[in-house]
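Mapped onto our numbering, the consecutive letters of the sequence shown carry residue numbers 325 to 593. Where a beta carbon is used, it is the ideal one built from N, C-alpha and C, also for glycine. What follows is one structure encoded as structure tokens, with my remarks underneath.
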Amino acid sequence: MTRFYSLILLIVGVACITVAGPERALAERMVADLSDHTIEITSQFSGTELLIFGAIERAIPQGDGGHGVAIEGMDYDVIVVVQSERHDMVIRRKGMAGPIWVNKNARTVKDIPGYYALTSTRPLEHILPEPILKGYQLGLDRLNVSFEQELSEREGEAYRAGFVRNMKAKDLYIEQEGLISLLDEILFRAVLHFPANMPVGDYKVDIYLARGGEILLHEKAPLEVGKTGLERVIYNFAHSHPAYYGIVAILVALFAGWFSGFVSRKMSV
Numbered sequence: 325m326t327r328f329y330s331l332i333l334l335i336v337g338v339a340c341i342t343v344a345g346p347e348r349a350l351a352e353r354m355v356a357d358l359s360d361h362t363i364e365i366t367s368q369f370s371g372t373e374l375l376i377f378g379a380i381e382r383a384i385p386q387g388d389g390g391h392g393v394a395i396e397g398m399d400y401d402v403i404v405v406v407q408s409e410r411h412d413m414v415i416r417r418k419g420m421a422g423p424i425w426v427n428k429n430a431r432t433v434k435d436i437p438g439y440y441a442l443t444s445t446r447p448l449e450h451i452l453p454e455p456i457l458k459g460y461q462l463g464l465d466r467l468n469v470s471f472e473q474e475l476s477e478r479e480g481e482a483y484r485a486g487f488v489r490n491m492k493a494k495d496l497y498i499e500q501e502g503l504i505s506l507l508d509e510i511l512f513r514a515v516l517h518f519p520a521n522m523p524v525g526d527y528k529v530d531i532y533l534a535r536g537g538e539i540l541l542h543e544k545a546p547l548e549v550g551k552t553g554l555e556r557v558i559y560n561f562a563h564s565h566p567a568y569y570g571i572v573a574i575l576v577a578l579f580a581g582w583f584s585g586f587v588s589r590k591m592s593v
């Protein structure tokens, strides 16, 4: 009889979880957007800022597939990550060669973004547990940095620390915790800075809604960064025909040198 009652309780429990599951999953909805989906780089470009904003709907109407479940009394957190396309990068380590410092060793970092920025409502360790943070590579300390060459653990850590430090010095790697403003647990906004030396290409914007140590929703938005005008023509030509671009660059430099010398001789006469 005891086993029979235990079986009944187990069936009822599974049924309750099955019924409550959809309501729990559809209890929130998030709408997010960018102030601009395209950043144009011109000769006067000195950096820009991007506004990321959105709203959290805590109860989806029945007609939209929800169940009218409103969650109250718990805080939401928002994490925004913006990163450029991933590619390989070469980093160099300086060493002493006699009395001077020179680049002695070079290592290739594989499949790494040239720009990475993260901002959040609170420190990340207060929002999500460490396994989830590592799984999503949230934060510079959890960014996967792998090398093409085989390195020892100590050498790999040294190169990794140097790489992240250099990218932060160039304002290409940014981590700003606690700077997303969340108004009445409904509206949020985040402002990210892009430096003048930001790489061009297709960026991706990931927006995470978290609560109670788990990620509830994950929204994505595209962002394009490209050169315009004459800069775009030169950039495309340099990447499409690098050999011809090098020859043209040398010819332009020679002509500029000859022309400046010609002008100086004329003015001295």
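Assign residue i to one of two classes, buried (16 or more other C-beta atoms within 10 Å of its C-beta) or exposed (fewer than that).
| i | result |
| --- | --- |
| ASP401 | buried |
| VAL576 | exposed |
| GLY463 | buried |
| VAL404 | buried |
| LEU375 | exposed |
| GLN407 | buried |
| ALA482 | exposed |
| ILE424 | exposed |
| ARG589 | exposed |
| GLU477 | exposed |
| ALA493 | exposed |
| LEU507 | exposed |
| LEU578 | exposed |
| SER441 | Checking the sequence, you will find Ala at residue 441 rather than Ser. With 16 or more other Cβ atoms within 10 Å, it is buried. |
| GLU352 | buried |
| GLN386 | Because the pLDDT at GLN386 is just 47, under 50, the model does not fix this residue reliably, and the point stays unresolved. |
| SER330 | Any reading at SER330 must be qualified, since the residue scores a pLDDT of 41, below 50, and its modelled position is unreliable; the value itself is stated next. Exposed: under 16 other Cβ atoms inside 10 Å. |
| ALA394 | For ALA394, the pLDDT reaches just 44, beneath the cut-off of 50, and the residue's location in the model is therefore unreliable, leaving the point undetermined. |
| GLY581 | exposed |
| SER584 | exposed |
From the options, pick the residue whose C-alpha is nearest to that of residue i; which is it?
| i | options | result |
| --- | --- | --- |
| ARG382 | VAL355, THR362, ILE403 | VAL355 |
| LEU547 | LYS528, LEU516, ARG535 | LYS528 |
| GLY502 | ARG417, PRO453, PRO447 | PRO447 |
| ASN490 | LYS544, TYR439, GLU543, ASP435 | TYR439 |
| SER359 | VAL414, ARG416, PHE377 | PHE377 |
| ALA545 | GLY537, THR372, TYR532 | TYR532 |
| ILE363 | ALA580, ALA520, ALA534, ARG478 | ALA520 |
| GLU373 | TRP582, ALA580, VAL549 | VAL549 |
| ILE365 | ARG466, GLU472, MET522 | MET522 |
| ARG417 | GLN368, GLY480, LEU496, ASN468 | GLY480 |
| GLN500 | THR445, ALA580, PRO455, GLY371 | THR445 |
| ASP595 | HIS361, SER370, ASP357 | Because the chain is modelled from 325 through 593, residue 595 falls outside the range shown and cannot be assessed. |
With a cut-off of 8 Å on the beta carbons, I'd call residue i and residue j a contact; round off their distance for me.
| i | j | result |
| --- | --- | --- |
| ASP530 | HIS542 | 7 Å |
| ALA379 | LEU511 | 5 Å |
| THR443 | ILE504 | 6 Å |
| ARG513 | ASP399 | Incorrect: roughly 17 Å between the Cβ atoms, too far for contact. |
| LEU475 | ARG466 | Between ARG466 and LEU475 the Cβ distance is about 19 Å, and since that is not below 8 Å, they are no contact. |
| GLY537 | PRO453 | 6 Å |
I want to check one thing, is the minimum distance from the CB of residue i to the heavy atoms of the ligand MG below 7 Å?
| i | result |
| --- | --- |
| LEU358 | Absent from the structure shown: the ligand MG. Ligands present: none. |
Check your understanding: Three or more C-beta pairs closer than 8 Å, one from the region 569-578 and one from the region 476-487: is that the case here?
Key -> At 8 Å Cβ cutoff, the stretches do not touch.
Review point. What residue ranges within the region 469-512 form continuous beta strand (DSSP E) runs of no fewer than 3 residues, ordered along the chain?
Key: Contiguous beta strand (DSSP E) elements confined to the region 469-512 occur at 497-501, 505-507, taking only those with 3 or more residues.
Exercise for review: Note down, one range per segment and in chain order, each alpha helix (DSSP H) of at least 4 residues found wholly within the region 424-459.
Suggested key: Secondary structure remark: continuous alpha helix (DSSP H) runs of at least 4 residues inside the region 424-459, in chain order: 454-459.
Review point. Is it true that the region 431-438 meets the region 409-418, where meeting means three or more beta-carbon pairs spaced less than 8 Å apart?
Key: In short, these stretches touch, since the Cβ pair count reaches three.
Point to revise | Every unbroken alpha helix (DSSP H) inside the region 511-545 [4 residues or more] | key: Taking only runs of at least 4 residues, no alpha helix (DSSP H) segment lies wholly in the region 511-545.
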